[in-house]
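K.L.:
6 protein chains.
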Amino acid sequence: MKKILVINPIATDEWNDSDRRLLQQQTSEDTVIDLVSLEQGPSTIETFRDIVLAGPGIMQAAENESKNYDGIMINCFADPGLEVLRETCNIPVTAPCESSLAFVSLLGLNFSVVATLRKLYPVFETKCLKMGLMRRLNSFRVINLGVKELEEEPGITIKKIVREINQSAVSGAQAAILGCTGMLPFYTEIKKGVEIPVIEPATSALKMLESLIEMKLSYK
Amino acid sequence: MKKILVINPIATDEWNDSDRRLLQQQTSEDTVIDLVSLEQGPSTIETFRDIVLAGPGIMQAAENESKNYDGIMINCFADPGLEVLRETCNIPVTAPCESSLAFVSLLGLNFSVVATLRKLYPVFETKCLKMGLMRRLNSFRVINLGVKELEEEPGITIKKIVREINQSAVSGAQAAILGCTGMLPFYTEIKKGVEIPVIEPATSALKMLESLIEMKLSYK
Amino acid sequence: MKKILVINPIATDEWNDSDRRLLQQQTSEDTVIDLVSLEQGPSTIETFRDIVLAGPGIMQAAENESKNYDGIMINCFADPGLEVLRETCNIPVTAPCESSLAFVSLLGLNFSVVATLRKLYPVFETKCLKMGLMRRLNSFRVINLGVKELEEEPGITIKKIVREINQSAVSGAQAAILGCTGMLPFYTEIKKGVEIPVIEPATSALKMLESLIEMKLSYK
Amino acid sequence: MKKILVINPIATDEWNDSDRRLLQQQTSEDTVIDLVSLEQGPSTIETFRDIVLAGPGIMQAAENESKNYDGIMINCFADPGLEVLRETCNIPVTAPCESSLAFVSLLGLNFSVVATLRKLYPVFETKCLKMGLMRRLNSFRVINLGVKELEEEPGITIKKIVREINQSAVSGAQAAILGCTGMLPFYTEIKKGVEIPVIEPATSALKMLESLIEMKLSYK
Amino acid sequence: MKKILVINPIATDEWNDSDRRLLQQQTSEDTVIDLVSLEQGPSTIETFRDIVLAGPGIMQAAENESKNYDGIMINCFADPGLEVLRETCNIPVTAPCESSLAFVSLLGLNFSVVATLRKLYPVFETKCLKMGLMRRLNSFRVINLGVKELEEEPGITIKKIVREINQSAVSGAQAAILGCTGMLPFYTEIKKGVEIPVIEPATSALKMLESLIEMKLSYK
Amino acid sequence: MKKILVINPIATDEWNDSDRRLLQQQTSEDTVIDLVSLEQGPSTIETFRDIVLAGPGIMQAAENESKNYDGIMINCFADPGLEVLRETCNIPVTAPCESSLAFVSLLGLNFSVVATLRKLYPVFETKCLKMGLMRRLNSFRVINLGVKELEEEPGITIKKIVREINQSAVSGAQAAILGCTGMLPFYTEIKKGVEIPVIEPATSALKMLESLIEMKLSYK
């Protein structure tokens, strides 16, 4: 049995139950998932400001809880706090952007990312560059909906995401990454509309974490 | 339950039982592992010649068997046949070199590889280059023992591998990859002698394959 | 006098005579060209499957014949068998893709490739990456005709190739490579329709091979 | 006249006066320098943890004070808070690591960095990679003294730094960067012992900031 | 006080006065600017031929005058003579292309260049490649006016430049560089029409030179 | 029959006869080689200063003579004047550094260069970078003899070159380039002492030029 702590790096427990349930559905009963959000921090992660403000709260959450867990997953595509938790925790830590880049590198020579807003590009580029995958990036596309708007009209959200993935496929993308963990509820529907493999980042972080726990591998 | 076909890309069933058993130990009962070797092909994979000669047999093995499995793992660090099986099979296919590079990219900024013989370097470099990780390669080190010599004196083999990993750590490597799937039997002992995370490639390919199967992702 | 063995990596002698004659026209009487095709193998090279199936036959042909020659040229833009022949032969070996990339690097800062089918792109990209020329690739374009369709209506084939080269020139390409050795018969006509230098890959491999023989340079 | 706010990203005013004075010496009377440290935060910046903990305090300092200034300089070689201040402020913001990399790129084809501790390398590498200068990095060297130990025995500190710079010059470095703003007090002495140009990062950030102010250029 | 020698690398003194006056306006009275043009050389720099013909004259000008100055600035975006003056002079030498690339690297993740003519691209690419910034180049755009045509109808020139900058911003450029020092007279007007920071190369070279003089840094 | 003009980019006809004879020996009677040196220029090419001073003379030589030739070869490893002749001539132009890099890319994954003096490295690096081959450069080694000293004691010159090539082979180089066309007289002896392929740059430029002439390919 593996015990996993998921940290939602935002100061609201609004999505705690639904996120925990959705993530639990991606794995077996052998994995127990607990999910905490921050006591203090931003309400969403959409700017460098949000990332900075979430930092201390993520460290605090990991410090309070990590002794009871086998691994930690940070539940946001900006991967906030990933470097610092790897430095301070002695259990494996994974995050969605880095994990989905690891999977996509096995699935397609060129890939696209479909994110919420253009202003998230610099955060993504830094990560993609570090992973050595800039050359394989087909395109970074956006649907121009903020995180909180994703759930307003699910049908439209799905349609927009599907359209961007399909357009990237036409221009040569062989796989796509969803650029926001808030797109997980629409994953099943999205896959029905597209013909290239689509990687969901929260599930990617979860699978990578389970593998690292099973292989007993952590950063230090 | 997941059914996985492991292909040993060599024309000998000498290691079929022990490899199957060792791999089964890396996973749960929920995963059933079958292992086949080739009808025709080389006895080990240590040159481009071996890779070419193994190619048709790997294709044949996959064609004969894949319909009964959820995924295929090629059990050799040279990843022979990986591109062609991704082209011809509609289930996920993984291989050790690529998979261990995916894991190492999450575990250390710089990493080393400890392989058997120098002549395998060109095969590795091509792969590492494609994965975008050349810049993060600390060193490619060898112990100057062929695949078949690894098991002759296990104590010496382990000592040589440990020494190379530790030397790479001194020169800055933050993680190491074992550069031959034939080093799996010594993995537990190797880990006792080193202070940086060590990635075993066969287990890496197995975990990546299980994740892809669970996420229902394949190349096409 | 130089004696060159050209290997057509396909199991048909259909093009042996015409290919030998066309290649002989690209050089002087001082070079004697013999051409063999495979006893067993694919009928064209258009997939990774074809490359794998051609491998053993290419090795066999080189092994049977190389002792009577000064150099070997592999006559297919996918460069099948190039690494293995360099490993096993002690005479120079060249192939069209690598050779035309060597020439194009002297002729234009940015270049395009006009190939038959999109599915050949991954084979080309791996090669281009290894040669360090990805940054200078303007575009990889296709005419959507298979190898065997090239000769059906030569006028249309030439028109399509010319159009793609000219479009790449508009978007900045300073030179173009024909991405299939089967385009050699149309080379003279193609050059009449374009304003940038066009590199024919079979001739490139032949010239590189003659130079290596004259300079007495081989891989080992 | 230019008014510059220097933020020492640490929760101690211990070095406020000396740092302000040293920086003022690097410029003319035409530039007025004020220096603030943080109300809350770490006492030095030597880990990712320190960077995360300093983040909110840096934002706060900039928010409180920036309206009275023409530009902001962050006084730490880890460049903490640089991205977020560029996002939130509408005056130019510079930091030492990035600025010294900009200067070194004009002064030497290959360069070295001489820092305090090895654990700072990942922070530097990410920056160097983003600036496109990894290929030109000769070596990242350390003197194994923490920030607070630098001033304990100035003679020894200077000797160690000079030795590392000279060793990098022997192995080909054409210029060197001091990898900690805490080395500013020793800059004059260091330059006497070496034969390649040495770039001091705090002065670099100051000069870059003055230039950006004079050119009326900011991130947005 | 700093004494700066500006070399106009052309054999006409037509722009000497106006260029000197415009550059003096970019700095304080503390900097004295003298400007010389060549005795022999091309009338503008628009080809490799012009660069080669200007070379000896630039060396001569520096040799004749440098002993009376604290630094030299080469006033042309092709940076002619930069390497050789760094080799032969023992005072700092800067040039517009390299200097504006140093500034732009602090101002935007991706940037565009708006130049006069397409044929200048190879000169720029070599420089951008050496600076490690090719990956961050959004686009190299031209207005199809030669240097001497820039001043014919200032209103049209400004309009064309503004249009290209704005189009690059739409496709993601976060900053722009003017690709010709002859655009300096229009800089103020250009900035009024655009929403991203625009870097003027002559001023960039001047600021970089003043900083290097103040920091007492030169190539040797 | 091919008529080739070789330009020795120096203002001495001291080596005209011997160089012409040595180059003629590398090819057949079908190729007629004429060799000219400059009327004005440096006596050797060993600095950026020499390259600048040779520029106008190289242009002049090409302008005076090119109408009578099928191609031009610049006989110096610094490739002076290559870009400008490609711009101004409508026949093929080749040069030793670029041509030997084209050949070495076919002969070894990693290669070394053995040159005369360290100060030539920046010239070489710029070229190697443009050709995309920096990643494959094993090492740039020097024998610390100026061009004119090479012939003083041939036995010592050969011994030093052989030693550097062999040391590079030990550290992984699979091929070597001689980094000065003045080493041509010793080529035969050098090859006897080493076990990896050695590429002579003047012959490389000659062979590349003959191929381009035969293929009727020039830059414009």
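Top to bottom, those sequences are chains A, B, C, D, E and F.
The first sequence begins at 6 in this note's numbering and counts up by one.
The second sequence begins at 6 in this note's numbering and counts up by one.
The third sequence begins at 6 in this note's numbering and counts up by one.
The fourth sequence begins at 6 in this note's numbering and counts up by one.
The fifth sequence begins at 6 in this note's numbering and counts up by one.
The sixth sequence begins at 6 in this note's numbering and counts up by one.
We put the beta carbon where it would ideally sit given N, CA and C, even for glycine.
(1) Cα-Cα, which of E:M78, E:L10, E:K212, E:V167 is closest to I195 of chain E?
(2) Let me know if R26 of chain F comes out buried or exposed under the rule of 16 or more other beta-carbons within 10 Å of its beta-carbon.
(3) Could you give the uninterrupted runs of the alpha helix (DSSP H) lying entirely in the stretch 50-79 of chain B, keeping only those of 4 residues or more?
(4) Using 7 Å as the threshold, is the C-beta distance between I170 of chain F and V152 of chain F below it?
(5) Which residues in the same chain have their Cβ closer than 6 Å to the Cβ of A174 of chain C, if we skip the five residues on either side of it in sequence?
(6) Look at the Cβ atom of C102 of chain B, then the Cβ atom of F116 of chain B, and state whether they are nearer than 7 Å.
(7) Can you name the residues of chain A whose CB is closer than 7 Å to the CB of E130 of chain C?
(8) Taking the alpha-carbon of V128 of chain C as reference, which of C:I56, C:E205, C:V147, C:P97 has the nearest alpha-carbon?
(9) If I'm right that E215 of chain E touches T36 of chain E with Cβ under 8 Å, what's the distance once you round it to whole angstroms?
(10) Considering Cα atoms alone, identify which of F:P206, F:A66, F:T99, F:N95 is closest to M78 of chain F.
(11) On the criterion of 16 or more Cβ atoms from any shown chain inside 10 Å, does Q31 of chain B qualify as buried, or is it exposed?
(12) Just reading off the beta strand (DSSP E) that I38 of chain E is part of, what are its end residues?
(13) On the premise that L58 of chain C lies in contact with G46 of chain C, defined as a C-beta separation below 8 Å, what is that separation, rounded to the nearest angstrom?
(14) What would DSSP say about T99 of chain D, mapped onto helix, strand or coil?
(15) So, under 8 Å CB-CB, K124 of chain A and I148 of chain A are touching, yes? Tell me the CB distance rounded to an integer number of Å.
(16) Closer than 7 Å, CB to CB, is S71 of chain F near chain C or not?
(17) Cutting at 8 Å between CB atoms, please list the residues of its own chain near N13 of chain B, excluding the five before and the five after it.
(18) Whose Cβ in chain C lies nearer than 7 Å to the Cβ of E103 of chain F?
(19) What do you reckon, are the CB atoms on L106 of chain A and L134 of chain A nearer than 7 Å?
(20) Skipping 5 residues on each side, what residues in its chain have a beta carbon closer than 6 Å to that of Y126 of chain C?
(21) Take the Cβ of M6 of chain D as the centre, count every other Cβ of all protein chains shown within 10 Å, and call the residue buried at 16 or more, exposed below.
(22) Check whether the Cβ atoms of S104 of chain F and S223 of chain F lie closer than 7 Å to each other.
(23) Between which two residues does the alpha helix (DSSP H) containing S23 of chain D stretch?
(24) Need the endpoints of the beta strand (DSSP E) that V128 of chain F sits in, please.
(25) Whole angstroms are fine: how far does the CA of V118 of chain E sit from the CA of L112 of chain E?
(26) When we look at the beta-carbon of P159 of chain C and count the other beta-carbons within 10 Å, is it buried (16 or more) or exposed?
(27) Please return the same chain residues whose Cβ sits closer than 6 Å to the Cβ of F108 of chain B, not counting the five positions on each side in sequence.
(28) If you measure between the beta carbons of E70 of chain B and F53 of chain C, is that distance less than 7 Å?
(29) Taking A207 of chain D as the reference, give the member of D:K132, D:C185, D:E157 with the closest Cα.
(30) Please report the distance separating the alpha-carbon of K226 of chain F from that of P190 of chain F.
(31) Under a three-way DSSP split, which group does F145 of chain B fall into?
(32) Following the continuous beta strand (DSSP E) through I218 of chain C, name the residue where it begins and the one where it ends.
(33) Around the C-beta of N95 of chain B, are 16 or more other C-beta atoms found within 10 angstroms, so that it is buried, or is it exposed?
(34) Using a Cβ cut-off of 7 Å (strictly closer), state whether R140 of chain B contacts chain C.
(35) Rounded to the nearest angstrom, what separates T162 of chain A and E51 of chain C at their Cα positions?
P.N.:
The relevant details are as follows:
(1) Of E:M78, E:L10, E:K212, E:V167, the residue nearest in Cα terms is E:V167.
(2) exposed
(3) 53-70
(4) no
(5) I201
(6) no
(7) L114
(8) C:I56
(9) 6 Å
(10) The candidate whose alpha carbon is nearest that of M78 of chain F is F:T99.
(11) In summary, Q31 of chain B is buried, with 16 or more beta-carbon neighbours lying within 10 Å of its beta-carbon over all protein chains present.
(12) For I38 of chain E, the enclosing beta strand (DSSP E) has its first and last residue at 36-42.
(13) 6 Å
(14) Strand at T99 of chain D.
(15) Contact doesn't hold; Cβ gap of about 13 Å is too wide.
(16) no
(17) Here N13 of chain B has W20, N21, D24, L40, V41, S42, L43, N80, C81 as same chain residues with Cβ atoms under 8 Å from its own Cβ, once five neighbours each way along the sequence are excluded.
(18) L111
(19) no
(20) F145
(21) exposed
(22) In this structure, S223 of chain F does not lie closer than 7 Å to S104 of chain F by Cβ.
(23) 21-30
(24) Where V128 of chain F is concerned, there is no enclosing beta strand (DSSP E), although the alpha helix (DSSP H) it sits in stretches over 126-135.
(25) Going by the C-alpha atoms only, they are around 14 Å apart.
(26) Counting Cβ neighbours within 10 Å, P159 of chain C comes out exposed, since fewer than 16 surround it.
(27) I204, S209
(28) No, these two residues do not count as a Cβ contact at 7 Å.
(29) Of the candidates D:K132, D:C185, D:E157, the one whose C-alpha sits nearest the C-alpha of A207 of chain D is D:C185.
(30) Within the shown structure, residues of chain F are numbered from 6 to 225, placing residue 226 of chain F beyond reach of any answer.
(31) strand
(32) Boundaries around I218 of chain C are those of the alpha helix (DSSP H), 206-219, since no beta strand (DSSP E) includes it.
(33) With fewer than 16 other CB atoms across the displayed protein chains lying within 10 angstroms of its CB, N95 of chain B is exposed.
(34) no
(35) 39 Å
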